[in-house]
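Numbering (our numbering), first residue to last: 2 to 515. Idealized CB from N, CA, C, for every residue including glycine. A quick note: this is a predicted structure, and the numbers were derived from the prediction, not measured.
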């Protein structure tokens with residue numbers, strides 16, 4: 002596996018709804034420049050700008066890089082300095098989308114800012130996948146989406162192809178790739194100024210430009226770090242925060258992935274071992290996975306299969322890294338992961354075709370949805386100290402290779418300054434709703450437990466059987482809207498979440514057992 006792919010499988014801590022499935026697919030193509038996330042309405046004549054504060058907006062369509070979902074919005078830009086110590090230096094045009102509130106004349110003055118994950122996702126690209134969760138919110142509040150600097154339409158920092166090192170994940174290959182990436186991106190950006198701290202300053206500039214007295218911040222995965230940092234720096238202008246799949250301020254992202262994934266797989270696979278039909282069909286899924294990985298390490302097979310996208314026959318080598326990455330991305334959504342035990346068991350019987358086809362589908366050619374250059378600027382500046390291999394991770398599915406590759410790349414990546422209190426917990430009276438999925442493979446419920454301890458007006462909700470990014474699950478959109486209306490998490494009646502059911506395991510490709 003290439004340094005680029007290995008780094009992204011490890012570092013990216015966001016998956017928005019169905020995006021959890023598609024995210025992995027975005028991490029194995031050549032990095033063609035991402036298509037614009039927002040386009041002007043087709044064939045529409047030029048219209049007078051619609052003003053929100055002092056930002057001029059024009060009609061646009063937010064369209065993801067895959068799928069049919071789209072959202073009609075208003076799009077504009079705000080110019081900010083790349084280096085705030087040099088206000089007359091290079092400027093960045095922040096790409097902003099505004100989804101206006103309903104025309105009922107009762108629009109609250111505090112807009113909702115959705116903060117995307119990654120780090121490296123475009124907020125404008127991500128929003129269509131979670132738009133349904135904001136339907137009630139939009140009756141009374143505007144929703145604003147700011148592409149964080151280095152993502153989407155805000156000076157996208159996307160690294161190029163891996164050159165000759167595509168099949169190597171050695172520290173030397175990782176160093177060579179990062180060096181090439183720095184050289185290419187430094188032509189249009191000073192990579193030291195694409196950190197979370199820089200993004201928080203940008204959000205405050207946008208708030209002031211909109212004329213909004215306060216903000217409601219909805220962070221998803223890495224976006225929860227941005228929300229917490231904004232609330233720390235600007236408490237008076239933070240009305241409320243929603244943290245979905247929380248990254249604690251105290252957390253370093255360097256070596257969290259291997260253990261969290263194994264813990265989540267144990268919980269998810271237990272759904273099969275507790276089902277007599279599933280256990281009889283596939284045995285112990287974790288033992289089966291270990292057996293498969295041992296086979297692939299010893300003698301990775303050549304597999305002929307039909308490409309799910311083109312329908313053409315292909316032949317590839319099925320490598321252990323490829324399967325480890327696929328299993329991790331499936332684990333983001335337990336409803337999809339219920340298929341894993343059957344796939345793994347059949348592969349151990351010599352039937353690799355389905356596993357190969359699905360792993361290729363996830364790694365198929367598509368445009369890059371994660372801005373790796375921005376991702377590295379964030380993580381290398383803020384989390385490099387945590388990129389240390391651990392003995393206890395050696396026998397996990399992911400092992401320590403990812404951490405070692407990350408450390409090698411960050412050794413040559415330009416690093417920005419981080420405030421001395423950056424990794425202190427957010428201790429605040431801000432109303433806070435903290436959401437976690439019981440089976441989340443990257444930000445487990447204990448992270449939410451840690452964060453809510455220092456939030457006097459905070460409340461944690463753990464959603465049964467859910468994975469990463471849970472704001473759209475069950476009745477959660479209704480609870481989310483109620484929280485934003487009252488800014489009181491503790492008064493929420495969350496009994497409706499008790500109706501969330503566990504996904505039933507597959508015992509064949511015909512679907513779940515009744």
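Check your understanding: In whole angstroms, what is the alpha-carbon distance linking residue 198 and residue 207?
Key -> Distance between residue 198 and residue 207, taken at the CA atoms: about 15 angstroms.
Exercise for review: Work out the CA separation of residue 407 and residue 420 for me, nearest whole Å.
Suggested key: Roughly 22 angstroms separates the two Cα atoms.
Review point. So is residue 148 buried or exposed if we call it buried at 16+ other beta carbons inside 10 Å?
Key: Here residue 148 is buried: its Cβ has 16 or more other Cβ atoms, across all protein chains shown, within 10 Å.
Check your understanding: In whole angstroms, what is the alpha-carbon distance linking residue 475 and residue 448?
Key -> Rounded to the nearest angstrom, the two C-alpha atoms are 22 angstroms apart.
Practice item. Could you please give me the residues that DSSP links to residue 437 through a beta bridge? Key: Answer is 463.
Review point. For residue 79, does the three-state DSSP call read helix, strand or coil?
Key: DSSP places residue 79 within a strand segment (E or B) once states are collapsed to three.
Practice item. Please go through the same chain and pick out, in chain order, the residues whose beta-carbon is closer than 7 angstroms to the beta-carbon of residue 479, but skip the five residues on each side of it. Key: Once the five neighbours on either side are set aside, the close Cβ partners of residue 479 are 137.
Review point. Where does the unbroken beta strand (DSSP E) through residue 144 begin, and where does it stop?
Key: Per DSSP, residue 144 belongs to the beta strand (DSSP E) from 144-147.
Practice item. Tell whether a beta-carbon distance below 8 angstroms holds between residue 342 and residue 283. Key: It is a contact, given that the beta carbons lie within the stated cut-off.
Check your understanding: Helix, strand or coil: which one does DSSP assign to residue 424?
Key -> In this structure, residue 424 counts as coil in the three-state DSSP scheme.
**Study point:** Anticipated Cβ contact below 8 angstroms, residue 507 with residue 356, distance rounded
**Key:** Not really, about 14 angstroms apart at Cβ, beyond 8 angstroms.
Check your understanding: DSSP three-state call for residue 411: helix, strand or coil?
Key -> If DSSP states are grouped into helix, strand and coil, residue 411 belongs with the helices.
Review point. Would you say residue 256 and residue 387 are within 8 angstroms of each other, going by their C-beta atoms?
Key: Yes. Within cutoff.
Practice item. For residue 99, count neighbouring C-beta atoms within 10 Å of its own C-beta (all shown protein chains included) and say buried if the count is 16 or more, exposed if not. Key: It counts as buried.
Review point. The alpha helix (DSSP H) with residue 479 in it runs from where to where?
Key: Per DSSP, residue 479 belongs to the alpha helix (DSSP H) from 477-487.
Check your understanding: CA-CA distance, residue 299 and residue 389?
Key -> Their Cα atoms are separated by approximately 27 angstroms.
Check your understanding: Is DSSP giving residue 319 helix, strand or coil here?
Key -> In the displayed model, residue 319 falls within coil according to three-state DSSP, outside both helix and strand.
**Study point:** For residue 94, the nearest candidate out of 403, 398, 328 and 204 (CA to CA)
**Key:** When each option's Cα is compared against that of residue 94, the closest is 204.
Practice item. State buried or exposed for residue 473, treating a residue as buried only when at least 16 other CB atoms are found within 10 Å of its CB. Key: Under the 10 Å beta carbon count, residue 473 is surrounded by 16 or more other beta carbons and is classified as buried.
**Study point:** Enclosing beta strand (DSSP E) for residue 203 [first to last residue]
**Key:** Here residue 203 belongs to no beta strand (DSSP E); instead the alpha helix (DSSP H) covers 197-211.
Practice item. For the beta strand (DSSP E) containing residue 220, list its first residue and its last residue. Key: Note, residue 220: beta strand (DSSP E), 216-221.
Check your understanding: Is residue 118 near residue 152, with beta carbons less than 8 angstroms apart?
Key -> Going by C-beta atoms, residue 118 is not nearer than 8 angstroms to residue 152.
Review point. Based on the DSSP output, what are the partners of residue 306 in its beta bridges?
Key: For residue 306, which the question treats as bridged, DSSP gives the partners 315.
Practice item. Starting from the Cα of residue 230, find the closest Cα among 465, 193, 492 and 452 and give me that residue. Key: When only C-alpha atoms are compared, the closest one is 452.
Practice item. Can you tell me which of the three DSSP states residue 249 falls into? Key: In the structure shown, residue 249 adopts coil according to DSSP, grouped into three states.
Practice item. Kindly indicate which residue of 505, 484 and 428 has the alpha-carbon position closest to the one of residue 232. Key: The option with the nearest alpha carbon to residue 232 is 428.
Check your understanding: Taking the alpha carbon of residue 61 as the point to measure from, which residue in 55, 53, 184 and 73 has its own alpha carbon closest?
Key -> Ranked by Cα distance from residue 61, the options 55, 53, 184 and 73 are led by 73.
Review point. Can you give the beta carbon distance from residue 116 to residue 219, rounded, assuming they're within the 8 angstroms contact cut?
Key: With a Cβ gap of about 7 angstroms, residue 116 and residue 219 count as contacting.
Check your understanding: Measuring CA to CA, which of 239, 92, 88 and 502 is closest to residue 78?
Key -> The candidate whose alpha carbon is nearest that of residue 78 is 92.
**Study point:** Cβ contact check for the stretch 450-466 and the stretch 236-253: 3 or more pairs under 8 angstroms
**Key:** Touching, yes, given that three or more Cβ pairs across the two stretches are closer than 8 angstroms.
Exercise for review: Determine which residues share a DSSP beta bridge with residue 73 and list them.
Suggested key: Under DSSP, residue 73 forms a beta bridge with 62.
Review point. Excluding five sequence neighbours on each side, which residues of the same chain lie with their C-beta closer than 8 angstroms to the C-beta of residue 214?
Key: Scanning its chain for C-beta atoms nearer than 8 angstroms, with the 5 sequence neighbours on each side dropped, one finds around residue 214 the residues 110, 111 and 238, in chain order.
Review point. Leaving out five residues before and five after residue 13 in sequence, what residues of the same chain have Cβ atoms less than 6 angstroms from its Cβ?
Key: Its pLDDT being 44, under 50, residue 13 is placed unreliably by the model, and the measurement read from it follows with that caveat. Only residues of its own chain outside the window of five on either side were considered, and among them 119 and 371 have a CB closer than 6 angstroms to the CB of residue 13, listed in chain order.
Point to revise | residue 114 versus residue 146 - alpha carbon distance | key: So the alpha carbons of these two residues sit roughly 6 angstroms apart.
Point to revise | Spatial distance of residue 485 from residue 135 (CA atoms) | key: Here the alpha carbons of residue 135 and residue 485 stand approximately 11 angstroms from one another.
Exercise for review: Could you work out which residue in 50, 223 and 250 is closest to residue 234 when comparing CA atoms only?
Suggested key: The closest CA to that of residue 234, considering only 50, 223 and 250, is found on 250.
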